[in-house]
Amino acid sequence: MVFIIPYMEIRRNIFLFKLYYLFADLAPLSVLAVVYFQQITGSYAFALGIFSIANIVQSIAEIPTGIISDKMGRKKTLIFSSVLTTLAFTIFAMAGTFSQKYLLILGAIIWAIADAFASGTDDAMMYETMEELRKADKYDIVYARSRTFGQIGLGLGALIATVVTYFYSLTVLAWVAAILTINQTIVALQLVEPKVHTREDCTSVKHFVAAIKAFLQNKKLRILATIQMINHGISFAGHRFEGAYFNLLIPTWAVNIARMVKQTCGAISFAIAPYFRKFGFYKILVTSTLGMMAIKLSAVIMNNMVTPFLQSCVNIFYGTSSTAESALLQQELSPKQRATMGSIVSLFSGLVSAIIYWVVGIVADNSSVLVAIVMLILSNLFISGGYYWMLKKYK
């Protein structure tokens, strides 16, 4: 049975996605998570190992959760993801309260499963909403505007973290973060399913195999996805670890002020991203990647109290590059297995990220935090080179 959803009802998803990303990214613990984990475990390798575990679990969970999203519906998937996120952050807070480092592993596993459910599903639901409205060609514009609110959420989270860590502790901050995640569920409950997914005769295994075949047959998708996998692994590790680096140069509470600068730049970047689409997505990616690397290197060379604030300006390129990446990927995904194929990409991306987290943690423990940061920054040369090759081949 297929239900026709009124135009105005499905249209409200555009507004709800802005709120969804606002609350999903309202994560006060984000910038100091590595510092918080390191305080509990006593090791950067163990702290970053938590993220490695999360990425491995997420990679394993990507495929079944992607199939569930394609088969059962986007809304239910996002609701379940939001509930699991609250549970995960509650366990993180308990780990600090009771000084139990192994609770961090449990929290990471649940958090990873939550992210696996959301991964690919949110973008697929947004794209399908635009298809329902016959405006799929405007997907990148809606994506950028929605992600602008995500950057605002991160900025608000950093502001909250500044106040809490100034007066209280990281453990209190962890409890505040857990409570705030409830808002994400409230918004997810109000989303409208873009369409009822037709139940196909094929089994979930056949559905997955069909998605794999479609992925392997698309050379452009394979290359693009590979570059994005490595890029996300490097970016996520750098994003998580920079808080530990900043904390060596400025007080803990001031680290969150630097993060506010970063998210403000990110919000501006997403807001202006639609105006750059005329230059072409590949040109945007090459320019953005090189621009981010230049800012990070300049900041690290200074290596003083100015560094966190200068390096945070890197996000002026984040919105344009993220929007271009998502738009290019969505254009190559098969409509029938959009979330499943997106999950296949996320699966391998998670494995790559897990390896990078582990390597960075070992380098930091055996050398220094600064050396680990420089290593991550220079790795971006491979990313910019990959996008430049794509630009020449697929103009």
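Counting along the sequence shown from 1, when you hit position 268 you're at 269 in our numbering, and nothing is skipped either side.
Even for Gly, the Cβ is constructed at its ideal location relative to N, Cα and C.
Note the first and the last residue of the continuous alpha helix (DSSP H) segment covering residue i.
i	result
A125	122-133
S1	The requested residue 1 does not occur in the structure, where the chain is confined to residues 2 to 396.
S380	Element bounds for S380: n/a, residue is neither H nor E.
D141	140-168
N184	183-189
L105	102-119
G43	Here G43 belongs to no alpha helix (DSSP H), and DSSP marks it neither H nor E.
Y246	220-247
G292	282-303
Measure how close the beta-carbons of residue i and residue j come, nearest whole angstrom, since I'm counting them as under 8 Å.
i	j	result
L392	Q229	Actually they do not touch by this definition, with Cβ atoms about 15 Å apart.
L286	E333	Rounded, the Cβ-Cβ distance is 14 Å, inconsistent with contact.
P275	A145	5 Å
L49	G362	3 Å
A96	L105	5 Å
L250	N305	7 Å
T163	N257	4 Å
N14	L192	6 Å
F16	Q152	Actually they are not in contact, since the Cβ atoms of F16 and Q152 sit about 17 Å apart, beyond 8 Å.
A328	Q312	Going by Cβ atoms, the distance from A328 to Q312 rounds to 27 Å, so no, they are not a contact pair.
T98	T172	6 Å
Suppose contacts are defined by Cβ-Cβ distances below 7 Å. Is residue i in contact with residue j by that definition?
i	j	result
A373	R260	no
N316	C266	yes
Y150	Y22	The sequence given here has Phe at residue 150, not Tyr. Yes, the pair counts as a contact, with Cβ atoms nearer than the cut-off.
N56	S354	yes
V188	L20	yes
V375	G244	no
I51	L88	no
G156	Q264	yes
L79	A115	no
K102	I11	no
T130	R75	no
P29	L174	yes
I345	F216	yes
Y246	V370	yes
F38	A179	no
F277	T321	yes
G239	L377	yes
E63	A125	no
T227	T166	no
T290	I384	yes
T186	S83	yes
I296	C314	yes
L27	G154	yes
A113	Q59	yes
I'd like to know if residue i contacts chain B, where contact means its C-beta is closer than 7 Å to some C-beta of that chain.
i	result
A115	Of the chains in the structure shown, none is chain B; there is only one protein chain.
What are the start and end residues of each continuous alpha helix (DSSP H) run of 4 or more residues lying completely inside the stretch 305-367, in chain order?
-> Taking only runs of at least 4 residues, the alpha helix (DSSP H) segments lying wholly in the stretch 305-367 are 308-313, 319-333, 339-367.
Quick one: complete alpha helix (DSSP H) runs, 4+ long, within the stretch 47-107?
-> Residue ranges of uninterrupted alpha helix (DSSP H) with 4 or more members, entirely inside the stretch 47-107 and ordered along the chain, are 75-99.
Which ranges would you report for the alpha helix (DSSP H) in the stretch 12-46 if only whole runs of at least 4 residues count?
-> Runs of the alpha helix (DSSP H) inside the stretch 12-46: 34-42.
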